[in-house]
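Numbering-wise, the sequence shown is residues 1 to 591 according to the UniProt record's numbering.
Even for Gly, the Cβ is constructed at its ideal location relative to N, Cα and C.
As the structure is a prediction and not an experimental result, all values here were calculated from the model.
One structure below.
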Amino acid sequence: MNRIWNSIVGKLWVTILLLVSFVLFIFTVFMLEFLEKYHSEQAESSLRQSAAAIASIVDEYGAGHSPMDVIKVVLDEHTNALVANNPNDVVYAIQEGENQKEIQQAILESKGFQSIYESDKPILKEMILPSQTEGDKMESYVVLGFPLKSDNELHGAVFIYQSPDAIHQTSKETTKIVFISALIAFMLTTFFAFFLSSRITYPLRQMREHAFALSKGKFDSQVPAIQSRDEIGQLAVAFNQMGRQLKHHLEVINQEKEQLSSILTSMTDAVITFNRDRTILLSNPPAEKLLQKWFISKGSKSERPIPPEIYHMLDHVLDFEDKIEEDLAMDSSFYSITISPLYSGELIRGAIAVIRDKTEKNRLEKLRSDFIANVSHELRTPIAMLQGYSEAILDDVVQSDEERNEMIRIIYDESQRMGRLVTDLLDLARMESGHIRLYKDTVPIVHVLERMTQKFMQVAKEKQVSLKFVSDLPEDTIISLDEDRIEQVLTNLIDNALRHTPEEGTVTVSLTNELSYAKISVSDTGIGIPSEDLPYVFERFYKADKARTRAKGGTGLGLAIARNIVEAHEGNIKVESVEKEGTTFTFYLPM
Numbered sequence: 001m002n003r004i005w006n007s008i009v010g011k012l013w014v015t016i017l018l019l020v021s022f023v024l025f026i027f028t029v030f031m032l033e034f035l036e037k038y039h040s041e042q043a044e045s046s047l048r049q050s051a052a053a054i055a056s057i058v059d060e061y062g063a064g065h066s067p068m069d070v071i072k073v074v075l076d077e078h079t080n081a082l083v084a085n086n087p088n089d090v091v092y093a094i095q096e097g098e099n100q101k102e103i104q105q106a107i108l109e110s111k112g113f114q115s116i117y118e119s120d121k122p123i124l125k126e127m128i129l130p131s132q133t134e135g136d137k138m139e140s141y142v143v144l145g146f147p148l149k150s151d152n153e154l155h156g157a158v159f160i161y162q163s164p165d166a167i168h169q170t171s172k173e174t175t176k177i178v179f180i181s182a183l184i185a186f187m188l189t190t191f192f193a194f195f196l197s198s199r200i201t202y203p204l205r206q207m208r209e210h211a212f213a214l215s216k217g218k219f220d221s222q223v224p225a226i227q228s229r230d231e232i233g234q235l236a237v238a239f240n241q242m243g244r245q246l247k248h249h250l251e252v253i254n255q256e257k258e259q260l261s262s263i264l265t266s267m268t269d270a271v272i273t274f275n276r277d278r279t280i281l282l283s284n285p286p287a288e289k290l291l292q293k294w295f296i297s298k299g300s301k302s303e304r305p306i307p308p309e310i311y312h313m314l315d316h317v318l319d320f321e322d323k324i325e326e327d328l329a330m331d332s333s334f335y336s337i338t339i340s341p342l343y344s345g346e347l348i349r350g351a352i353a354v355i356r357d358k359t360e361k362n363r364l365e366k367l368r369s370d371f372i373a374n375v376s377h378e379l380r381t382p383i384a385m386l387q388g389y390s391e392a393i394l395d396d397v398v399q400s401d402e403e404r405n406e407m408i409r410i411i412y413d414e415s416q417r418m419g420r421l422v423t424d425l426l427d428l429a430r431m432e433s434g435h436i437r438l439y440k441d442t443v444p445i446v447h448v449l450e451r452m453t454q455k456f457m458q459v460a461k462e463k464q465v466s467l468k469f470v471s472d473l474p475e476d477t478i479i480s481l482d483e484d485r486i487e488q489v490l491t492n493l494i495d496n497a498l499r500h501t502p503e504e505g506t507v508t509v510s511l512t513n514e515l516s517y518a519k520i521s522v523s524d525t526g527i528g529i530p531s532e533d534l535p536y537v538f539e540r541f542y543k544a545d546k547a548r549t550r551a552k553g554g555t556g557l558g559l560a561i562a563r564n565i566v567e568a569h570e571g572n573i574k575v576e577s578v579e580k581e582g583t584t585f586t587f588y589l590p591m
């Protein structure tokens, strides 16, 4: 029942029924009142006609005669009449049923009819008289007094009274007909109201199902074609058009969303979208990595892993509705940060931050400037020496051939030094640009390293340094490598170790196996490297003691070249050192 009442069908049905019921009720009330009045008037008119007819009959037959049969023809079964010369003189009467005498006596003695014998106007009254059917019951009667005239002289009156059963019976029959008609009209109204409501609401129910389907994302569903061209038919067409438009707009939104997602994903800059309450709404993969980096650096106990500098910038943007751009240095990293407000209408709903990590760029810029400075510094001394000694020779400043030969030897050594510097720079540039080419071959690693070490035995003896080779691998161990390049690495490491190890010191070249790598170490008992310089020993031109290194012929590029060669072999190199105790360079080659 609740389902019907909550539906449009039920509401329309009940509304129409209530409206029709109200109209039928008002119509029935007024109809019954009209019919009751109509029957009363008809009864009065009938009584007048009957009284006039009886008066004519009595006048025709004379007052002393009793034409009962003729009078009975004039009267119906519910009507009685009596003729009297005065209230105490009844000429004749039609007596049928019980209590007729009491009824007639009450009429003749009624004060309302005393003037009928003196007036020529009929008198109509309603009187309470004894019932014709029940002895102890009083009923309402309609009584008409009609004067009798003969030659324009009054000589009595005719009294006609009618039982209320006739009027009531007619009223009952009429009321019954009215109520039956009202019931039939109510039933027909109920049927047609329900039928009409169902016809109207059937397409509405279809559109409701279609709306539910749209809410679930089924944009391909269509409302069945409705033949009517009224508002409901137009609404069905509008629903189908709305579904198609929703599908189209959703596809456009999805395409734009995918496009935006692809753009954000492919961006190298970190993009973070903040809500009004400073919470993060959206971030792209570079931003995720950056947030993870900040989270690790801040620790798991930090509630706000984003650096406070960014929060200060965010507060400024959200409070003052202004775009802000800054370059910040945080935790040895450099960032270019741009934060702009996001609007929803005229109100700020958040902000978007674009963060560019410029650490590597700054590092490369520093390396470039250092490279230029170091190259200039390294070339300035030999060029100055070449220029000075050549001018001395040209100006005949030299007094002897021995001095001249010494100057020429110095010029030759410095030119050799410049040549080595230029060659190392070219090699390093090719390696760092990825143009290094390896000629790998399968070689017995133990014999190769032992041979490379033996080349420096004479140099070690001259410096009074002990040089030895130690291996834990079998002599038949083979490995794939570029022998010339690895010799370049080992030569650089052994040469550095010998140059920085004092007399009676030791330089050890060792070969061991660690997991799937060949571990090659060059250890010395020299002066060591300061701990603050260890992270930079593989940088170009970096020297822990530039004056000492230059005096010993170093260019500062050997370790940078060694690192590139080892990494080209898919290995890695590291250094460990304790100042004044010694240094160990170790590099790994895959076996």
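CA-to-CA distance, residue j to residue i, given in whole angstroms
{"i": "L12", "j": "V20", "result": "12 Å"}
{"i": "I116", "j": "K101", "result": "20 Å"}
{"i": "I520", "j": "H500", "result": "19 Å"}
{"i": "L318", "j": "T338", "result": "13 Å"}
{"i": "Q105", "j": "Y38", "result": "30 Å"}
{"i": "E325", "j": "N564", "result": "38 Å"}
{"i": "V575", "j": "S261", "result": "44 Å"}
{"i": "V522", "j": "L467", "result": "10 Å"}
{"i": "V465", "j": "N362", "result": "42 Å"}
{"i": "T549", "j": "R356", "result": "Any reading at T549 is ruled out, since the residue's pLDDT is 45, under 50, leaving its predicted position unreliable."}
{"i": "I16", "j": "K111", "result": "56 Å"}
{"i": "S400", "j": "P502", "result": "36 Å"}
{"i": "L559", "j": "I272", "result": "41 Å"}
{"i": "K552", "j": "I410", "result": "Per-residue confidence for K552 stands at a pLDDT of 48, beneath the threshold of 50, marking its modelled position as unreliable; the derived number appears in the next sentence. Rounded to whole angstroms, K552 to I410 spans 14 Å at the Cα level."}
{"i": "E579", "j": "T506", "result": "16 Å"}
{"i": "A84", "j": "G156", "result": "6 Å"}
{"i": "E44", "j": "F27", "result": "25 Å"}
{"i": "E475", "j": "V448", "result": "10 Å"}
{"i": "G582", "j": "G526", "result": "5 Å"}
{"i": "N513", "j": "P530", "result": "29 Å"}
{"i": "K366", "j": "K289", "result": "25 Å"}
{"i": "L314", "j": "H210", "result": "46 Å"}
{"i": "I445", "j": "K455", "result": "16 Å"}
{"i": "R278", "j": "Y343", "result": "15 Å"}
{"i": "I486", "j": "E391", "result": "42 Å"}
{"i": "S369", "j": "S376", "result": "11 Å"}
{"i": "A562", "j": "I478", "result": "22 Å"}
{"i": "I306", "j": "R437", "result": "44 Å"}
{"i": "K546", "j": "A460", "result": "Low per-residue confidence applies at K546: pLDDT is 48, beneath 50, and the placement is therefore not dependable enough to give any value."}
{"i": "R205", "j": "A270", "result": "51 Å"}
{"i": "L589", "j": "D533", "result": "25 Å"}
{"i": "Q488", "j": "Q458", "result": "18 Å"}
Residue j beta carbon less than 7 Å from that of residue i
{"i": "R406", "j": "L386", "result": "Checking the displayed sequence, the identity of residue 406 turns out to be Glu instead of Arg. No, the Cβ-Cβ distance between E406 and L386 is not below 7 Å."}
{"i": "F585", "j": "L493", "result": "yes"}
{"i": "I123", "j": "S140", "result": "no"}
{"i": "F274", "j": "G345", "result": "no"}
{"i": "T491", "j": "F469", "result": "no"}
{"i": "P341", "j": "E321", "result": "yes"}
{"i": "K538", "j": "V566", "result": "Here the sequence assigns Phe to residue 538, which means Lys is not the residue at that position. Contact flag unset, no."}
{"i": "residue 647", "j": "A55", "result": "This structure does not reach residue 647, given that the chain is present from 1 up to 591, and the question cannot be answered."}
{"i": "M207", "j": "F186", "result": "no"}
{"i": "P382", "j": "R404", "result": "no"}
{"i": "L35", "j": "T174", "result": "yes"}
{"i": "S131", "j": "K125", "result": "no"}
{"i": "M267", "j": "N284", "result": "yes"}
Identity of the residue in the options nearest residue i by Cα
{"i": "V14", "options": "N513, K218, V158, T190", "result": "T190"}
{"i": "M591", "options": "A384, K289, L515", "result": "L515"}
{"i": "Q49", "options": "Y161, S297, E462", "result": "Y161"}
{"i": "L108", "options": "D472, A81, I348, E44", "result": "A81"}
{"i": "K247", "options": "D269, K218, V237", "result": "K218"}
{"i": "Y439", "options": "H569, L75, F212", "result": "H569"}
{"i": "S577", "options": "K463, D524, L557, D315", "result": "D524"}
{"i": "D331", "options": "Y311, K293, E288, R304", "result": "K293"}
{"i": "G419", "options": "Q458, R451, L379", "result": "L379"}
{"i": "S471", "options": "T268, A518, I348", "result": "A518"}
{"i": "A53", "options": "H312, F192, L75, S283", "result": "L75"}
{"i": "D495", "options": "K463, E504, E483", "result": "K463"}
Any non-hydrogen atom of the ligand SAM within 6 Å of residue i CB
{"i": "Y517", "result": "What this structure holds is no ligand at all, so the ligand SAM is not there to describe."}
Whole-number beta carbon distance between residue j and residue i, since they are thought to touch under 8 Å
{"i": "V443", "j": "L481", "result": "7 Å"}
{"i": "Q222", "j": "G243", "result": "7 Å"}
{"i": "D327", "j": "S336", "result": "5 Å"}
- Item | Inter-stretch contact at 8 Å, needing at least 3 Cβ pairs: the region 170-180 / the region 140-150 | no
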